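Q:
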Amino acid sequence: MANSYIASKISKEQKESRLQQTAKSIWMTGLSGAGKTTLGLALEKELFQRGFFIQLLDGDDVRTGLNRDLTYSEEGRTENIRRIAEVNALYNNSGIITISCFISPTNAIRYMARKIIGPENFIEVFVKAPLSLCEKRDVKGYYLKARQGLIKEFTGIDSPFEEPEHSDLVLETSSDTVEETIQRMIAFILPQIQYNKAKNPQ
Ligand code: ADP
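The letter at position 194 of the sequence shown is residue 792 when you use our numbering, and the numbering goes up by one with no holes.
(1) Check the C-beta distance from L731 over to S772 and give it rounded, since I have them as a contact under 8 Å.
(2) Using a threshold of 8 Å, state whether the C-beta atoms of S702 and N686 are closer than that.
(3) For N794, does the count of other Cβ atoms within 10 angstroms reach 16, so buried, or fall short, so exposed?
(4) Less than 8 Å between the CB atoms is what I'm expecting for F650 and Q619, so what's the real figure, rounded?
(5) Name the two residues that bound the continuous beta strand (DSSP E) containing I652.
(6) Could you tell me which of Q746, Y741, G638, N691 sits nearest to E722, measuring between CA atoms?
(7) Note down the Cα distance separating I714 from G631, rounded to an integer number of angstroms.
(8) Within 10 Å of its beta-carbon, does K734 have 16 or more other beta-carbons around it, so buried, or fewer, so exposed?
(9) Per the DSSP calculation, I817 is bridged to which residue(s)?
(10) What alpha helix (DSSP H) runs, 4 residues minimum, are completely inside the segment 663 to 737?
(11) Tell whether a beta-carbon distance below 8 Å holds between N678 and P762.
(12) The ligand ADP and K643: does the residue's C-beta get closer than 7 Å to at least one heavy atom of that ligand?
(13) Just to confirm the assignment, what range does the alpha helix (DSSP H) spanning E770 have?
(14) Are the CB atoms of G633 and V725 within a distance shorter than 8 Å?
(15) Between the C-alpha atoms of I755 and A727, what's the straight-line distance to the nearest angstrom?
(16) For T775, name the three-state secondary structure that DSSP assigns.
(17) Which value, in whole angstroms, describes the spacing of the CA atoms of T753 and Y709?
(18) Does the separation of the CB atoms of K622 and N719 fall below 8 Å?
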C-alpha cells in the first residue's frame, strides 16, 4: 500500500477526477546513456499535448537540488531513490502523473521505490541498451571520465547494474529508433493513465 499522506482531506480520487486522469509513476530504469531522459522528455511532451498533467523528475536535476547532499555510495544511492520515491508518492496523491528517469541500478532499490509508491501506481520501464553501446554514445562524457578514474563508482564501470527481470515494459534502444520506441511506450502507457470513471465515482 502506497504512502497515503492522510493529512489531506481531499482524496487522491477527487484530485484525479479534477484532472481527469489516473495518477501513475512511470519509472524509467537503465544504464547512463540507455535513453531514459530522451524517452522521458518525449513521453512528457506527448502526454501533455494529449491533455495529461505530468511532472518529470530527472537524475541530474534532483542530484543538484533536493539530493545534493548525497554521494554515489550504495547508501547514497538508496537514500537518493527513497526520497525520489516519496516525492513520486506525493505527486501521485495530488493526482499527478510522474515520469522518473533514474538509473536505479539494483533490484533492491527498484523494489523499495515500488513499495513506497505502491505497486498499483508503479509502472517500471526498463530502458535497455548494452553497456558497450551506452559507452560509445557517451552522451555526457561520463564513461570516458569513469574509465580515466576521474569519476568513481560509475554504474556499469565500477558500480554494478542489475538488469531488472520483471519490468512492466522493456524498450530495446539498441535496435529501435527513438520514434519507434516512443510510439511503443505511448501505446503501453496511455490505457493505464486514462481517467477511469468506474473506479472513481463522484
Ligand atoms: P540516459 O538518460 O539514459 O542517460 P540519454 O537519453 O541522455 O540517456 O541518451 C540516450 C542517447 O541515445 C541519446 O543521444 C539518444 O538520441 C540515443 N538513442 C538512440 N536510439 C534511441 C532510442 N531508441 N531511444 C532513446 N534514445 C536513443
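Yeah, the Cβ is synthetic: ideal placement off N, Cα and C, and Gly gets one too. Since this is a predicted model, take the numbers as computed values, not measurements.
A: According to the structure data:
(1) For this step, residue 731 is matched to residue 133 along the sequence shown. For this step, residue 772 is matched to residue 174 along the sequence shown. L731 to S772, Cβ: 5 Å. Contact.
(2) Numbered from its first residue, the sequence shown carries residue 702 at position 104. Numbered from its first residue, the sequence shown carries residue 686 at position 88. Contact flag unset, no.
(3) By one-based count along the sequence shown, residue 794 stands at place 196. Burial call: exposed.
(4) On the sequence shown, position 52 is the one that residue 650 refers to. On the sequence shown, position 21 is the one that residue 619 refers to. Right, the Cβ-Cβ distance comes to about 5 Å (below 8 Å), so this counts as a contact.
(5) In the sequence shown, residue 652 corresponds to position 54, counting from 1. Unbroken beta strand (DSSP E) run through I652: 652 to 656.
(6) For this step, residue 722 is matched to residue 124 along the sequence shown. Per the Cα distances, G638.
(7) On the sequence shown, position 116 is the one that residue 714 refers to. On the sequence shown, position 33 is the one that residue 631 refers to. Their Cα atoms are separated by approximately 26 Å.
(8) As a position in the sequence shown, residue 734 is number 136, starting the count at 1. That one is exposed.
(9) Any answer about residue 817 is impossible in this case: the structure gives the chain only from 599 up to 800.
(10) 672 to 691, 705 to 715, 729 to 735
(11) Counted from its first residue, the sequence shown places residue 678 at position 80. Counted from its first residue, the sequence shown places residue 762 at position 164. No, the Cβ-Cβ distance between N678 and P762 is not below 8 Å.
(12) In the sequence shown, the residue the question calls residue 643 occupies position 45. For the ligand ADP, not one heavy atom lies less than 7 Å from the Cβ of K643.
(13) Reading the sequence shown from its first residue, position 172 is the one you call residue 770. Counting along the chain, E770 falls outside any alpha helix (DSSP H), though it belongs to the beta strand (DSSP E) covering 767 to 770.
(14) Your numbering for residue 725 matches position 127 in the sequence shown. Your numbering for residue 633 matches position 35 in the sequence shown. Taking 8 Å as the Cβ cut-off, V725 and G633 qualify as a contacting pair.
(15) The count along the sequence shown starts at 1 and reaches residue 755 at position 157. The count along the sequence shown starts at 1 and reaches residue 727 at position 129. Straight-line Cα distance between these residues: approximately 15 Å.
(16) For the purposes of this step, residue 775 is identified with residue 177 of the sequence shown, where counting begins at 1. Reduced to three states, the DSSP call for T775 is coil.
(17) Stepping through the sequence shown from its first residue, residue 753 is reached at position 155. Stepping through the sequence shown from its first residue, residue 709 is reached at position 111. Cα-Cα distance, rounded: 18 Å.
(18) Against the sequence shown, residue 622 aligns to sequence position 24. Against the sequence shown, residue 719 aligns to sequence position 121. Yes, the Cβ-Cβ distance between K622 and N719 is below 8 Å.
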